[in-house]
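Using this note's numbering, the letters of the sequence shown map in sequence onto residues 8 to 410.
Structure first, commentary second.
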Amino acid sequence: MAAIMASITSELLFFLPFILLALLTFYTSAVAKCHGLHRWSGRTKKRRPNLPPGAVGWPFIGETFGYLRAHPATSIGQFMDQHIARYGKIYRSSLFGDRTVVSADAGLNRYVLQNEGRLFECSYPRSIGGILGKWSMLVLVGDPHRHTLLVLRDWLPSSSSAVFSAQHEAKKFTFNLMAKNIMSMDPGEEETERLRLEYITFMKGVVSAPLNFPGTAYWKALKSRATILGVIERKMEERLEKMNKEASSMEEDDLLGWAMKQSNLSKEQILDLLLSLLFAGHETSSMALALAIFFLEGCPKAVEELREEHLEIARRQKLRGECKLSWEDYKEMVFTQCVINETLRLGNVVRFLHRKVIRDVHYNGYDIPSGWKILPVLAAVHLDSSLYEDPSSFNPWRWQVGA
Ligand code: HEM
């Protein structure tokens, strides 16, 4: 036995330098690729691309863990702070398994968003597609994306009578509001509550590592996804059955009804659309609501001004003999809009976006090759002291015209 072990060990030792050499060659070529030491695929074929400065971090994982390290929403975190101090507002890295340019630069972020479909396209990690579905708005690009958006553009949600009670209710409130507008599911009903609990498990998977084996958050979320889709599918079948039986048109004035009546989307597309909309609307709005309450708690002057604005609108409404808010009333909530803007700026509900470069880009002296990822970091712009005075303070008045 000892002899066999000794022979295996000596063989391993013999091969070790070759294995190390192979690993080193692989890593060096990966690093070279990441650093752009390959030829620039743009118009100037022979020139090396002038990539933004940066580092690649570890093999395969790059700097992903540092980039995703948790930090308060009102800060950009140590990773961003250190990288911006070292490399500037545009730097390169290796994130989510891709060669990536990170942008904390307002000009480049605007350029990325203004050139959607021409130079850049939406490109979220594959795990997002696995969980939200291949027809999700975050996964679709080009014409299929535009086509789905057109369905949403023509859908006007009906008003809901749900009542927001307190900060800890923000998630429940927005879920109920979305479920009501999307599928006419009433708050408090057993079915709605079961769906909400299933949705909580689903959400934990969206923000977890995509490890699909029994017991992981991702695996549980995929199961919840199937359950949620089952509920939506049942709703679709109920409506079709009712329509066939009563030979009537669909009564429900919700997104599901709209999608079934007005669009030529397939069943699978409708299911993914509804699920991804529930995700897009619920997570963002509930977080924004909770943050608004959090910021306002520390700013009584803003609460007072909000109250005055709302009381004045209510007084004028009463004089007109109306009891529902109209679009004109919303437009008069000028200070309220300032509070919303400031909450979204300081709270950074969506920290950054995922985009892929689809044509070689030249920006401010830097080359960003086609195929690379680019992450416009919205939070870094929102908290940039060269753009916003005292950026970490909650100051809704900064949004007033002429301020
Ligand atoms: C405070 C609330 C919200 C915030 C901060 C927010 C933020 C965002 C952001 C940053 C994007 C762009 C994502 C990207 O391009 O990569 C986006 C897209 C989207 N959001 Fe929201 N959102 C909010 C509320 C909602 C609500 C209530 C709904 C629906 C009921 C919704 C539906 C969508 C859809 C469908 C898209 C995709 C649009 C497209 O790709 O053209 N969002 N949202």
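Cβ coordinates follow ideal geometry from the N, Cα and C atoms, glycine included.
In the DSSP output, what is residue 356 paired with across the bridge?
Answer is none; residue 356 lacks a bridge partner.
Just how far apart, CA to CA, sit residue 32 and residue 76?
Its pLDDT being 43, under 50, residue 32 is placed unreliably by the model, and the measurement read from it follows with that caveat. So the alpha carbons of these two residues sit roughly 30 angstroms apart.
Are there any heavy atoms of ligand 1 lying less than 7 angstroms away from the beta-carbon of residue 110, as far as the coordinates show?
no
Compute the distance between the beta-carbons of residue 283 and residue 394, then report whether it is under 8 angstroms.
no
Got a sec, what are the start and stop residues for the beta strand (DSSP E) residue 369 sits in?
368 to 370
Residues in its own chain within less than 7 angstroms of residue 3 by CB, not counting five upstream and five downstream?
No answer is possible for residue 3: it lies beyond the span of the chain, which begins at 8 and ends at 410.
For residue 81, which of helix, strand or coil comes out of DSSP?
coil
Need the endpoints of the beta strand (DSSP E) that residue 68 sits in, please.
Neither: residue 68 is in no beta strand (DSSP E) and is coded neither H nor E.
Residue range of the alpha helix (DSSP H) that includes residue 127:
Here residue 127 belongs to no alpha helix (DSSP H); instead the beta strand (DSSP E) covers 127 to 129.
Evaluate residue 379 with the Cβ neighbour count: other Cβ atoms within 10 Å of its Cβ, from every protein chain shown; 16 or more gives buried, anything less gives exposed.
buried
Verify the contact flag: residue 288, CB atom, against every heavy atom of ligand 1, threshold strictly below 7 angstroms.
yes
Beta-carbon contacts of residue 44 that lie in its chain and below 6 angstroms, excluding the five residues immediately before and after:
Reliability of the predicted coordinates at residue 44 is poor, the pLDDT of 47 falling under 50, and the value obtained from them is presented with this limitation in mind. Taken in chain order, the list of residues that qualify is empty.
Mark residue 264 as exposed unless 16 or more other C-beta atoms lie within 10 angstroms of its C-beta, in which case mark it buried.
buried
Mind checking who residue 191 pairs with in its DSSP beta bridge?
Answer by DSSP bridge pairing: none, since residue 191 is not bridged.
Report yes or no: do three or more beta-carbon pairs, one from the stretch 208 to 221 and one from the stretch 317 to 337, lie closer than 8 angstroms?
no
Along the chain, where does the alpha helix (DSSP H) containing residue 107 start, and where does it finish?
Residue 107 -> not in any alpha helix (DSSP H); beta strand (DSSP E) instead, spanning 105 to 110.
Exposed unless 16 or more other CB atoms sit within 10 angstroms - verdict on residue 72:
exposed
Candidates 208, 186 and 375: closest to residue 198 by CA position:
186
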